[in-house]
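I have placed the structure first, in the form of structure tokens, so that the comments after it can refer back to it.
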Amino acid sequence: MATAPHPQSTDELFHALRENHQRPYGRTRTVTAEELVDAAERFAEPVPLIHALLELQEAYTYGSDPRKSPVVFARLLTLFDEQPDAFDERLRAQLFWRFKWVANALRALPEIPLASLRQWLTEMRDRYEKEGLGLQPYYGQAYQLAVHVGEDTTLAYELWAGRRRTPHSDCEACEICERALYRVAAGDDERALEVWAPVLAGKESCQEEPARSVSHALLPLLRTGHADRARELHLAGYRACRRNPSMAGEVGRHLEFCALTGNEARGLELLAENRNLFDEVDSPLDQLDFLTGVEVLLRRVEGLGHGELPVAGYAGRAWTVAGLCAEVRGRGDGLAARFDTRNGTSAQSGRRTARLDRAPLLDALELALRTRGLDELAPGGAAGAAGVAGARGAGVAVSVSRAVSDVPEELPELIRRARELDEEGHPGARACWARLRGLVAARDYSHPEDPAVGPYGRLCADLLSDEAYRAAERGDYASAVDLHEEAAGLYEDAGAPDDVVLARACALLAAAEAAEAAGEDGEGGEAEVKAAGLADAHAAVVRLHEEATGLAPYVEGRLLRLRASALGVRLQTSGDPAHAAVVFAEADLLQEFATRHGLATQVSGAMLLRAGTYALSGDLPAAVAEIDALRDRLASDGPAWHLPRALGLRGRLQLGLRDAAAAHADLAEGLRLAAAWPADAVDISRLHADLAQTCLHLGRPDEALTHLTRSAEVDLRDGKRVDAFCTYSNAAQLCLDLGRIEDSIALLDSLLGEPDVTGGELDDRLVAQLRLLRARALHAGDDLKAATAEFVALAAESAGWDDDPGSHAMIAAETAMILGEAGEFDRAGEVADRALAAHALSPRYELISNCLRELARLRAQQQGPDGLVAALAHLDEAGRVAEAARAAGFQPVGRSLETALAYEHGRVHAYVGAYEDALAALEKALALLGEPGAEEGGAGEWAECVRLSGAVEGIYLERPAPALVRLDAAVARLTALGHLEECEPLASLAAQLRDEG
1 MATAPHPQST DELFHALREN HQRPYGRTRT VTAEELVDAA ERFAEPVPLI
51 HALLELQEAY TYGSDPRKSP VVFARLLTLF DEQPDAFDER LRAQLFWRFK
101 WVANALRALP EIPLASLRQW LTEMRDRYEK EGLGLQPYYG QAYQLAVHVG
151 EDTTLAYELW AGRRRTPHSD CEACEICERA LYRVAAGDDE RALEVWAPVL
201 AGKESCQEEP ARSVSHALLP LLRTGHADRA RELHLAGYRA CRRNPSMAGE
251 VGRHLEFCAL TGNEARGLEL LAENRNLFDE VDSPLDQLDF LTGVEVLLRR
301 VEGLGHGELP VAGYAGRAWT VAGLCAEVRG RGDGLAARFD TRNGTSAQSG
351 RRTARLDRAP LLDALELALR TRGLDELAPG GAAGAAGVAG ARGAGVAVSV
401 SRAVSDVPEE LPELIRRARE LDEEGHPGAR ACWARLRGLV AARDYSHPED
451 PAVGPYGRLC ADLLSDEAYR AAERGDYASA VDLHEEAAGL YEDAGAPDDV
501 VLARACALLA AAEAAEAAGE DGEGGEAEVK AAGLADAHAA VVRLHEEATG
551 LAPYVEGRLL RLRASALGVR LQTSGDPAHA AVVFAEADLL QEFATRHGLA
601 TQVSGAMLLR AGTYALSGDL PAAVAEIDAL RDRLASDGPA WHLPRALGLR
651 GRLQLGLRDA AAAHADLAEG LRLAAAWPAD AVDISRLHAD LAQTCLHLGR
701 PDEALTHLTR SAEVDLRDGK RVDAFCTYSN AAQLCLDLGR IEDSIALLDS
751 LLGEPDVTGG ELDDRLVAQL RLLRARALHA GDDLKAATAE FVALAAESAG
801 WDDDPGSHAM IAAETAMILG EAGEFDRAGE VADRALAAHA LSPRYELISN
851 CLRELARLRA QQQGPDGLVA ALAHLDEAGR VAEAARAAGF QPVGRSLETA
901 LAYEHGRVHA YVGAYEDALA ALEKALALLG EPGAEEGGAG EWAECVRLSG
951 AVEGIYLERP APALVRLDAA VARLTALGHL EECEPLASLA AQLRDEG
């Protein structure tokens, strides 16, 4: 299948070859390379064909197709023998470099006889000698063959490693890896890591490095006690090789690392992400390496009792861990046997056995922010005790006891117990209802004929009511309305009038909440309309209450609670202090009634409502006093399950009073106490989220990060996926702010790999936000190529957001700057134009100004004088943006847009060597900035502007005297104001000018 039009000239061919060279390795690049070879053959010129064949061999080599690479090279070698003059110095160098590629390819094919491998090395040696090339590359290949076969490598290593490198030697990074692996094989992990140090630190790299070295270094790092470094390298190294067929072995070693560090669940997630490698790896040696790592993981999971877990494997069927493990074992053993037969040794089987028999090196090493166990991967496993896991993960002491009564076995007793606990508001009722729901759903269910239990219809209504409460808790108010109304009908049929009233009252409030939620999505009116709807709901509940007679106290207490809640939500919605009085009145009515009838749960609810109303009214001390009184009452009279909630509210109040330490103590205690109750009894997610905010105020960001991820995990397990993804997004941003870039990327990769994301079920704007954050993280991690690709894709997608041009302006502006950084100024200009068009619809003055100024700077920096005209055009456009912003009354966060523009004019002219113009622009910027004051803020910008002015004047214009006057005056000014840190670069430049003068 053709992938592009056939080139009609050699110029078109070379252009197509350059384009193809920019593509990632894979089928598209390989097929295109094959077509370009066909096209080159039609020109009957050797040079275009040589270039096309070189591109094709590279595509085969790095596309993990070793069988075809030697065939292509044979054609190249024939061309060289027949027409050596067609090979210039660069083509000749490439040809002799690739002898090593062929040696590697042949070694990876068990059907190639060992004699043929040795014959090829002899051919390589003869050719090198004939060309007068050094033999170190030949001896390197001879050493690698000895390692592969399992021969004594001592002499082969010395013959290679003891020789001076040549221009045709493997790159420094690759040779470092081979030398380090020699030390690992000798059992000297410490020495191996010393050898690896330059590669692992990123000082030496190539196409395969440091990803290859990282994968091999993980276990030596663990064995030498460097677990944190291993974790860090795993995150960065895995990202560099994932889904890459030519690095399948590296992926296998990352899976093995997960299996040996208690991260089996993460290993299965990574395996799913790399399921393409089961079918796309054509190299048998790479297959063996990959499958062995996969089997290490699967054997570990199966050994832990999870052999029936579903797992990603070969296409065409569903796999369990046990089933895939057996399949992989058979294939791996077969490949190892084929290599051993070819080699006449047992080396490959022995190495494979050693990996499979290796015991775990650590019981647990937290590799990623999303820590999940194998139990959670099982169907229904995510619904476990999230509260307990969350509290434990946050380092809070957890009580293993649960203050919940046992669920009765006998059906009549179970029904009675569920209703008793429900009337009390006890969280244990949920377990009873859940048990009953399962029993009622069974085909053989038989309802007891017991007057105390009531008819079957009443039980069905009870279950519907419980389901309605759950729907409301997760924000699905529309479903809650339907369920409550259906329950009301069944209660009426069952002759339970009290329950009818209560169900209809709940439906009224849920309907008002549903309307409010719809308004938040843009379908309703303003806050006043929402508040009016809640007031109407309150009035309707009051009418229901007044019309009902003979209500049981617990029902009347709930009605009073609903009345007060409706007004409380109205106050929260409107923010109008005038609405507070009626809330207090309803809360007082509820508290008086509940106290008189001994309804402890409703007394607590009334006091919580009063405290919240004080807080919404701005009287935080009164709110704390109310909560303190409630805390004392709960400690003495209960209900104990309300104490975590009360402490959570008290913690938020203390945070509002700027006492973060007290807030942390309350919230942590609330989280500890919550562990004694069922996971859905307390809003564990909220406690973790509040603790995260508190920890940030206390300057403990790492602890805050832990709480954010725990909060998201709880929401995820409770089915609140949007909330969970938003919280995870905040965690990823915090990681980025803390410089934990790989943690941020790993977290975002995990989220973006979730089924509802890949299946397009999650809100597309939320997914775009996650992708945007990932693109920024990639950029922060210096992966400019990947960041650019993601930014460009997002800019294209957001162009269709007609309802949100401001977001498109933001994304397009960032994309333009990234493209400029990559030197793609034509594309950057096109995207910047789209950002300007979106800005015209939804102004983003500061963002667009930043984009245009940055493009100007990058032009001048990268292109010098040749880029000045285009750079100044960007600055002119930025000037028009500044004028429009001033006319619109826009106030930027920091310096004015005019000041920033003047400063950028200075930098741009400095980059192109127009130093007088640069100095004039910088002096204008200083005038606009004005003299710094003692307050924090503008001193840093002012000092930088002075520093650049001094450098331009003193160094480039060679006028050190006035530059020193400028610098010395600035140092004195900043010192007097106490801005000592800002003085340092100015004093350093002044000292440099004096030394040079």
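Counting from 1, position 854 in the sequence shown corresponds to residue 854 in our numbering; the numbering is continuous, with no gaps.
For each residue, glycine too, the CB sits at the ideal point set by N, CA and C.
All of these numbers come straight from a predicted model, not from anything done at the bench.
What residues are listed by DSSP as bridge partners for residue i?
i	result
T320	P310
Does the Cβ-Cβ distance between residue i and residue j come in under 7 Å?
i	j	result
A882	A871	no
S215	E250	yes
P1003	E190	This structure cannot settle anything about residue 1003, because the visible part of the chain is limited to 1 through 997.
R231	A259	no
L361	L222	yes
L752	L772	no
A611	R631	no
T694	A662	no
A312	R275	yes
V541	L502	no
V33	E19	What sits at residue 33 in the sequence shown is Ala, not Val. No, they are not a contact pair.
P805	S842	yes
For residue i, which residues from the same chain have a beta carbon less than 6 Å from its beta carbon, with the 5 sequence-adjacent residues on both sides left out?
i	result
L509	A537, L562, A566
R994	none
G950	A963, R966, L967, L989
A386	Unreliable positioning characterises A386 in this predicted model, as indicated by a pLDDT of 36, which lies under 50. The coordinate reading is nonetheless provided below. These residues qualify, in order along the chain: A679, V714, R717.
Q8	none
V47	A86
Below 8 Å on the Cβ atoms is my guess for residue i versus residue j; work out the distance and round it to an integer in Å.
i	j	result
L544	A505	5 Å
L270	L255	6 Å
T781	I741	One detail in the question is off: residue 781 reads as Gly in this sequence, not Thr. Rounded, the Cβ-Cβ distance is 4 Å, consistent with contact.
L439	A461	That pair is no contact at about 16 Å.
G978	A934	6 Å
A531	R570	5 Å
L964	P932	So it is not a contact: roughly 20 Å between Cβ atoms.
H15	A39	No, H15 and A39 are not in contact; Cβ-Cβ is about 12 Å, not under 8 Å.
D282	S64	5 Å
A615	L589	About 20 Å separates the two Cβ atoms, so there is no contact after all.
A885	Y903	At roughly 16 Å, the Cβ-Cβ gap does not stay under 8 Å, so A885 and Y903 are not in contact.
A507	A488	7 Å
A943	L986	6 Å
A600	D576	Actually they are not in contact, since the Cβ atoms of A600 and D576 sit about 32 Å apart, beyond 8 Å.
Y911	Y956	Contact flag wrong, Cβ pair sits at about 11 Å.
V321	H306	6 Å
Can you name, in chain order, every residue of its own chain whose Cβ lies under 7 Å from the Cβ of residue i, other than the five neighbours on each side?
i	result
I818	H779, A787, T788, F791
R109	The sequence given here places Leu at residue 109; Arg does not occur at that position. If we look at L109 and ignore the five residues flanking it on each side, its Cβ neighbours are P66, R67, P284.
E984	none
E821	L784, L858
L117	L106, R107, L145
Y469	none
C851	A813, A816, M817, A832, A835
A724	A712, D715, L716
Excluding five sequence neighbours on each side, which residues of the same chain lie with their C-beta closer than 8 Å to the C-beta of residue i?
i	result
G719	R474
A383	With a pLDDT of only 38 at A383, under 50, the local geometry of the prediction cannot be trusted, and the value read off the model is given with reservation. These residues qualify, in order along the chain: R717.
R402	With a pLDDT of 38 at R402, under the threshold of 50, the modelled position of this residue cannot be trusted, and the question is left open.
P621	L657
G522	Here the model assigns G522 a pLDDT of 41, short of 50, so the residue's position is not dependable, and the following value carries that caveat. Result list for G522: empty, nothing under 8 Å.
Does at least one heavy atom of the ligand ATP sit under 6 Å from the Cβ of residue i?
i	result
L766	The model on display carries no ligand, and the ligand ATP is accordingly not part of it.
Problem set entry | Start-end ranges of the beta strand (DSSP E) lying completely within the segment 857–928, minimum 3 residues | Entirely contained in the segment 857–928, not one beta strand (DSSP E) run reaches 3 residues.
Problem set entry | Those runs of the alpha helix (DSSP H) which lie wholly inside the segment 431–513 and span at least 4 residues | 456–473, 477–494
For this session: Ignoring anything shorter than 4 residues or poking outside the segment 5–34, list the alpha helix (DSSP H) runs there in chain order.
Result: 10–21
Exercise. Which ranges does the alpha helix (DSSP H) cover as unbroken runs of at least 4 residues, wholly within the segment 814–860, from first to last along the chain?
Worked result: You should have 825–841.
Problem set entry | Residue ranges of each alpha helix (DSSP H) within the segment 157–185, 4 or longer | 172–185
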